[in-house]
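Here the protein sequences come in this chain order: A and B.
Residue numbering for the first sequence follows our numbering, beginning at 1481 and increasing consecutively.
Residue numbering for the second sequence follows our numbering, beginning at 1481 and increasing consecutively.
Where a beta carbon is used, it is the ideal one built from N, C-alpha and C, also for glycine.
Okay, so here's the structure we're looking at.
There are 2 protein chains.
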Amino acid sequence: MPAQKQPFTIELALLGFVRAKPAHPYEIHQRLCESRALGLVWQLKQAHLYALLSRLEAAGYLERTTEAQVNRPPRKMLHLTAQGQAVFTRWLDEPVAHGRDFRLEFLAKLFFAHQEDRQTVAELIERQREASRERLQSLARQSASLPSDQPFERLVVQFRQGQLEATLAWLDQCAQESGKAVKR
Amino acid sequence: MPAQKQPFTIELALLGFVRAKPAHPYEIHQRLCESRALGLVWQLKQAHLYALLSRLEAAGYLERTTEAQVNRPPRKMLHLTAQGQAVFTRWLDEPVAHGRDFRLEFLAKLFFAHQEDRQTVAELIERQREASRERLQSLARQSASLPSDQPFERLVVQFRQGQLEATLAWLDQCAQESGKAVKR
DNA sequence: TACAAATACTCATTAGATAAGTATAATCTG
DNA sequence: CAGATTATACTTATCTAATGAGTATTTGTA
């Protein structure tokens, strides 16, 4: 039989849209497209969204019920299952591993963490700082042990160091701001 | 007939492997896999490489001739066509548009620019600095005009600013080093 | 004689992404 | 009341990217 695959990553973010209360796909798409929200970092087409939601459902993280309304076409509401809940929480707590994952995935985590409470935000940031500090040290070691006749490798490592330092500085700022900003 | 598509981007980098002298696919793959070279930023599987080379050939940027050798299996040498030459040079001179393109595409440009001469490197860096400075200003304007009730958008913009500033600092450093480092 | 190395591929599959279209009921507008 | 628009839910076809796995050929080497 075919090995089952499910290295879910960013699509787990979608679970955040049904966390507080069930939602239907069309609505999720609307919310995603609001340009000052997640849509800033994730432009997802409707067709793609449907595909991702199906995978999440197949994995048992979502369930759908059809709600026939009186005055409107019936909605296929999506609920988070217990398993989905667990997976989402774990996803939200985990720092990302690579610099390249910040632009989309970490920002998505942050977005949904803000919809929970302050502590969730604080913890996410702190864990990510920790992970990034370690990564930075590893880069520093690598950089120190570089033979000087490898100019390209040197440039690459320096680039990565720079990006990561900037990320850390930004994380510090996030931590400060989330400390004072009161969410709703 | 189907609209022809060819938004070539990073695959144009492959032309750099046949720039100085023709090469055969197997050799290109070897060179790509050298871990201190382009392989640092671009891990390309053999099957994928063949696919990309075919597209470049179909576009008229590469031509192949079979060189039957005396003692070895025949090599399918790939040459750069005049058109390929032109396209490659243009690619090499163009700065990248987005921050996310640095990790792979800009580093690849830099890699091949180093195989040309010092001036190519200097020009590439200077153009990229210029483009990035403009982008940074645009971000700054955006940031200044942000209503303060958009915390998420603010974070996103600040993140991008930070990354871009780090990139610019790194570019400055590259410029300095390429000034003194003599390439072979 | 068998195997390894150099060389060049192919195929099947999955995933990611997008454009475009279909369908249906309700509600709004002239 | 007709016709347009909106809300809602999908499907299909297509393309690209990526990967794993395998095949084929020629020669040199053990």
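- Secondary structure in the segment 1556-1640 of chain B: the alpha helix (DSSP H) runs of 4 residues or longer, each lying completely within the stretch, are 1562-1573, 1587-1593, 1598-1624 in chain order.
- With a 10 Å radius around the Cβ and a threshold of 16 neighbouring Cβ atoms, K1501 (chain B) comes out exposed.
- In this structure, the straight-line span from the alpha carbon of Q1595 (chain B) to that of F1568 (chain B) is close to 13 Å.
- For E1645 (chain B), the residues of chain A that pass the 7 Å Cβ criterion are A1646, in the order they occur in the chain.
- Annotated as distal: Q1563 (chain B) and W1650 (chain A), with beta-carbon spacing of 8 Å or more.
- Taking 8 Å as the CB threshold, L1524 (chain B) stays off the interface with chain A.
- By the neighbour-count definition (other C-beta atoms within 10 Å, threshold 16), E1585 (chain A) is a buried residue.
- The CB of C1654 (chain A) comes closer than 8 Å to the CB of L1635 in chain B, given here in chain order.
- According to the DSSP assignment, R1511 (chain A) belongs to the alpha helix (DSSP H) that extends over 1505-1513.
- Pairing R1583 (chain B) with V1521 (chain B) gives a Cβ-Cβ distance under 8 Å.
- Q1622 (chain A) has a beta carbon lying at 8 Å or more from every beta carbon in chain B.
- Taking C-beta atoms under 8 Å as the contact rule, R1609 (chain A) and L1648 (chain A) qualify, at a distance of about 7 Å.
- Within chain A, the residues V1636 have their CB atoms less than 8 Å from the CB of V1521 (chain B), given in chain order.
- S1612 (chain B) counts as buried, since no fewer than 16 other beta carbons sit within 10 angstroms of its beta carbon.
- No residue range can be given for L1518 (chain B), since it is assigned to no alpha helix (DSSP H) and is classified by DSSP as neither H nor E.
- Annotation: the continuous alpha helix (DSSP H) that includes Q1526 (chain B) extends over 1526-1538.
- DSSP lists A:L1558 as the beta-bridge partner residues of R1544 (chain A).
- Remark: C-beta atoms of L1558 (chain B) and A1503 (chain B) approach each other more closely than 8 Å.
- Contacts with chain A at 8 Å (Cβ-Cβ) include Q1630 (chain B).
- Note that the segment 1519-1535 of chain B touches the segment 1485-1500 of chain B; at least 3 beta-carbon pairs, one per stretch, sit closer than 8 Å.
- The C-beta distance from D1652 (chain B) to R1607 (chain B) rounds to 14 Å, too long to meet the 8 Å contact threshold.
- Nearest CB-CB separation between R1583 (chain A) and chain B: below the 8 Å threshold.
- Contact with chain B is absent for L1492 (chain A), since none of that chain's Cβ atoms lies less than 8 Å from the residue's Cβ.
- Sequence-ordered contacts of the segment 1588-1601 of chain A with chain B read L1590, F1591, H1594 [C-beta pairs closer than 9 Å].
- Beta-carbon to beta-carbon, A1602 (chain B) and S1534 (chain B) are separated by about 34 Å, too far to satisfy the 8 Å threshold.
- Q1599 (chain B) counts as exposed, since fewer than 16 other beta carbons sit within 10 angstroms of its beta carbon.
- For G1642 (chain B), the residues of chain A that pass the 8 Å Cβ criterion are A1646, T1647, A1649, W1650, in the order they occur in the chain.
- Chain order gives the chain A residues near A1517 (chain B) as F1632, where near means a beta carbon separation below 7 Å.
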